[in-house]
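Using the working numbering, the letters of the sequence shown map in sequence onto residues 6 to 296. Positions of the beta carbon are idealized from the N, C-alpha and C atoms, including for glycine.
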Amino acid sequence: MNTLAIDIGGTKLAAALINAQHEVLQRMEIPNPSNAMPEALKQALAELVEPYQGKAQRVAIASTGIIDKGILTALNPDNLGGLNQFPLQATVENLTGLPCVVLNDAQAAAWAEYCYLSTQFKHITFITVSTGVGGGIVVNGELLTGPRAFAGHIGHIQADPNGPRCGCGRVGCIEAIASGRAIAAGALQDLEGKNAREIFAEAQSGHSQAQQLVARSAQAICQLIANLKALLDTECIVLGGSVGLAQGYRQQVEQHLSTLPAAFHVPIYSAHYQHDAGLMGAALWSEHYAV
Ligand code: ADP
Ligand code: BMX
Ligand code: ZN
């Protein structure tokens, strides 16, 4: 049985075939059109699934946004061009003629990382620091999705009541301070217009404003982790997303966390499945549900 796994992020769409041995084959990526027109996402999905026609028996999708009963709604419309009530599951079932399972990208990644760690831990929290900041929570071996599929949207916990307005409409969300978009939005002078990847490269070569932007992000994620520890007594944190996996970032978060009281300490791992955690998690979830 091959699963066509799809990961819809605020910046990119990825797809791959995942076989029965859980190997990731024929991976590809295209940019997310980030357009409010549902037709733009539909076209991008058509382009993405086309090379896989006839090669898979089911589809599993991890997507940014609130994914409730197969319908995608952006919580932070800035990250997805304001898409609202997009019929994701039905669209992909029509495009491929295959059964399709859909869940939030960070919830999916949490499931993959939990499956990998399950002999060691029963309570883990995955945090993606990427275009936005997302989360997936596993408690006692169960993925929390919630009655409205909203569980784990930890990027929208308030970090600073005087902070920048978040695209979700709240003020000072962690996402508005720590995400890739927030890092880019905070850039001034010679850094203005650069994306988070470029700002990280500047920080590596000693640019002090770039270093401050990265440090501000890492500090906000550290405080989020301390809050999660107090709320859930989670046994470990798994960090993913391109910012979360960037060189030196996890170490900065660990450094800040080590300065907090011991009760808030929790081990932090980089995602075992790296940038494929969402793809793998969706595929494993579809097996779990045997669609
Ligand atoms: P998505 O949000 O689509 O899942 P990513 O996890 O790649 O995608 O996150 C995209 C964000 O990560 C963007 O803000 C981008 O600038 C930033 N980014 C990409 N590569 C790197 C890198 N090597 N170092 C730091 N930031 C990166
Ligand atoms: C946002 C939100 C979450 C998502 C998180 C990470 C939208 C469109 N997305 O908080 O659902 O899990 O970003 O998403 O409101 P990514 O695009 O950074 O991978
Ligand atoms: Zn928010």
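Could you name the residues of the same chain whose beta carbon sits closer than 7 Å to that of residue i, not counting the 5 residues immediately before and after it, in chain order?
{"i": "Ala117", "result": "Tyr278, Ala282, Met285, Gly286, Leu289"}
{"i": "Glu180", "result": "Asn81, Gly137, Val138, Gly160, His161, Cys171, Ala187"}
{"i": "Leu77", "result": "Ser68, Gly70, Leu88, Phe91, Leu93"}
{"i": "Ser291", "result": "Thr8, Arg63, Ala65, Val106"}
{"i": "Gly14", "result": "Asn37, Thr69, Asp110, Ser135, Thr136"}
Decide if residue i is buried, meaning its Cβ has at least 16 other Cβ atoms within 10 Å, or exposed.
{"i": "Ile132", "result": "buried"}
{"i": "Ile66", "result": "buried"}
{"i": "Asn84", "result": "buried"}
{"i": "Tyr294", "result": "exposed"}
{"i": "Gly102", "result": "exposed"}
Near residue i, what residues of its chain come up, given a Cβ to Cβ distance below 8 Å and the 5 sequence neighbours on each side ignored?
{"i": "Pro38", "result": "Ala45, Leu46, Gln48, Ala49, Gly86"}
Could you give the residue range of the alpha helix (DSSP H) that holds residue i?
{"i": "Cys105", "result": "Per DSSP, Cys105 belongs to no alpha helix (DSSP H); it is in the beta strand (DSSP E), 105 to 109."}
{"i": "Thr101", "result": "93 to 101"}
Using only the heavy atoms of ligand 3, determine whether one of them is closer than 7 Å to the beta carbon of residue i.
{"i": "Asn81", "result": "yes"}
{"i": "Arg175", "result": "yes"}
{"i": "Cys241", "result": "no"}
{"i": "Ala164", "result": "no"}
{"i": "His261", "result": "no"}
Check for me: the beta strand (DSSP E) holding residue i runs from which residue to which?
{"i": "Ile142", "result": "138 to 144"}
{"i": "Gly177", "result": "Taken as a continuous stretch (DSSP letters only), Gly177 belongs to no beta strand (DSSP E), as it is neither H nor E."}
{"i": "Val241", "result": "Note on identity: in this sequence residue 241 is Cys, with Val being the wrong assignment. Run containing Cys241: 241 to 245, per the beta strand (DSSP E) assignment."}
Mind checking whether the beta-carbon of residue i lies closer than 7 Å to any heavy atom of ligand 2?
{"i": "Ala156", "result": "no"}
{"i": "His27", "result": "no"}
{"i": "Thr130", "result": "no"}
{"i": "Thr150", "result": "no"}
{"i": "Glu180", "result": "yes"}
Going along the chain, which residues of its own chain have a beta-carbon closer than 6 Å to the beta-carbon of residue i, five neighbours each way excluded?
{"i": "Asn109", "result": "Ile72"}
{"i": "Ile146", "result": "Correcting the residue identity first, residue 146 is Gly in this sequence and not Ile. Cβ within range, chain order: Lys127."}
Can you list every residue whose CB sits closer than 5 Å to some heavy atom of ligand 1, going in chain order?
Those residues, listed in chain order, are Gly14, Gly15, Thr16, Lys17, Ser135, Thr136, Gly185, Asn200, Ala201, Arg202, Phe205, Gly246, Ser247, Val248, Ala251.
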